[in-house]
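Chains G and X, in that order, give the protein sequences.
The first sequence begins at 1 in our numbering and counts up one residue at a time.
The second sequence begins at 1001 in our numbering and counts up one residue at a time.
Below is one structure, written out as structure tokens; comments come after it.
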Amino acid sequence: GESVGLHLPTLSVQEGDNSIINCAYSNSASDYFIWYKQESGKGPQFIIDIRSNMDKRQGQRVTVLLNKTVKHLSLQIAATQPGDSAVYFCAEKRDYKLSFGAGTTVTVRA
Amino acid sequence: DGGITQSPKYLFRKEGQNVTLSCEQNLNHDAMYWYRQDPGQGLRLIYYSQIVNDFQKGDIAEGYSVSREKKESFPLTVTSAQKNPTAFYLCASSFAGDYEQYFGPGTRLTVT
């Protein structure tokens, strides 16, 4: 079965606000996580990754937070834009492969 | 232009027919992967290959077959044994030991 999952399947956010997308994982031995963005009808695109020896990593307008105590991962998007509307997946390294969660659909309201 | 390509974008087949989906990459990646995506669900791994002439089953390999004769190519055959073949199929690739996978644009297969 899956070892990663997202708390909410959908998220609606006002343009300009910050978005927070959550993901829980079950394998405490996991040491690498990735966030992907998938626009409608396209393949997933890499957003940001984080290793388990880190608590936080920042990219352009995005921040990933890792809480190993509660096995929780989150992706924060600052100043959400219409182009951020997509499905967001977290993925966990497991047995030399990636295991993907079901995804959260983010809709940006104008 | 470096990248990973999948063709065709849309594919229609009759039930009982085998169909082969193409995946090509010119990123010089060692590893290649096939995933299946159903509506509202995450990606499920079908097969993966870490080197030429070698591949392993993923979580849902039944009814599928692959080959890896060239580093650049990893075609997937959906056989008539696959009970529910209609889905969005994604191919990905990565460097050996690197977990960041690059995805192709996908092929939407419809079997009626």
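Glycine included, every Cβ here is placed at the ideal spot set by N, Cα and C.
When you compare only the Cα positions, how much space is there between residue i and residue j?
i       : j       : result
X:Q1017 : X:W1034 : 20 Å
X:V1019 : X:T1077 : 6 Å
X:P1008 : X:E1024 : 12 Å
X:S1093 : G:S99   : 15 Å
G:S85   : G:N67   : 26 Å
G:D55   : X:G1097 : 23 Å
X:T1107 : G:Q60   : 30 Å
G:D17   : G:V62   : 13 Å
G:Y25   : X:K1070 : 36 Å
X:D1054 : G:R94   : 20 Å
G:S74   : X:Q1037 : 23 Å
G:F46   : G:C90   : 10 Å
X:R1068 : X:E1015 : 26 Å
G:R51   : G:S30   : 9 Å
X:H1029 : X:V1052 : 11 Å
G:G83   : X:F1095 : 29 Å
G:R57   : G:T69   : 17 Å
X:N1084 : G:L8    : 27 Å
What do you reckon, are the CB atoms on residue i and residue j nearer than 7 Å?
i       : j       : result
X:L1027 : X:Y1089 : no
X:G1063 : X:T1086 : no
X:F1103 : G:P44   : yes
X:Y1048 : G:Y32   : no
X:Q1006 : G:A102  : no
G:S19   : G:T107  : no
G:I48   : G:V64   : yes
X:Q1056 : X:A1031 : no
G:Q14   : G:R109  : yes
X:P1039 : G:K42   : no
Here's a check: name, in chain order, each residue in its chain whose Cβ is nearer than 8 Å to the Cβ of residue i, leaving out the five neighbours to either side.
i       : result
X:Q1082 : E1062, G1063 and Y1064
X:T1110 : Y1010, L1011, F1012, R1013 and T1086
G:G1    : Any reading at G:G1 is ruled out, since the residue's pLDDT is 34, under 50, leaving its predicted position unreliable.
G:T80   : V13, Q14, E15, G16, D17, N18, S19, V106 and V108
X:D1072 : Inspection of the sequence shows that residue 1072 of chain X is occupied by Glu rather than by Asp. Same-chain partners within the cutoff: E1024, Q1025 and N1026.
X:I1060 : R1036, R1044, L1045 and I1046
For residue i and residue j, which I take to be in contact (beta-carbon distance under 8 Å), what is that distance rounded to the nearest angstrom?
i       : j       : result
G:E92   : G:N22   : Incorrect: roughly 14 Å between the Cβ atoms, too far for contact.
G:T35   : G:Y88   : Thr is not the amino acid found at residue 35 of chain G; the sequence shown has Trp there. About 6 Å separates the two Cβ atoms, so the contact holds.
X:G1058 : X:L1043 : Not really, about 10 Å apart at Cβ, beyond 8 Å.
So, for residue i: in the same chain, excluding its five sequence neighbours on each side, which residues have a beta-carbon less than 6 Å away from its beta-carbon?
i       : result
G:G10   : With the sequence shown as reference, residue 10 of chain G is identified as Thr, and Gly is not the correct amino acid for it. Taken in chain order, the residues that qualify are T105.
X:I1004 : Q1025, S1093, Y1102 and G1104
X:T1112 : none
X:V1066 : Y1047, F1055 and L1076
Identify, in the order they occur along the chain, each residue of the same chain with its Cβ nearer than 7 Å to the Cβ of residue i, setting aside the five sequence neighbours on each side.
i     : result
G:K71 : A24, Y25, S26 and S28
Exercise. Which runs of the beta strand (DSSP E) fall wholly inside the region 11-79 of chain G and span at least 3 residues, in chain order?
Worked result: List check, beta strand (DSSP E) in window: 19-25, 32-38, 45-51, 56-58, 62-67 and 72-77.
Exercise. Can you give, in chain order, each stretch of the alpha helix (DSSP H) that sits fully within the region 1025-1099 of chain X and has at least 4 residues?
Worked result: none
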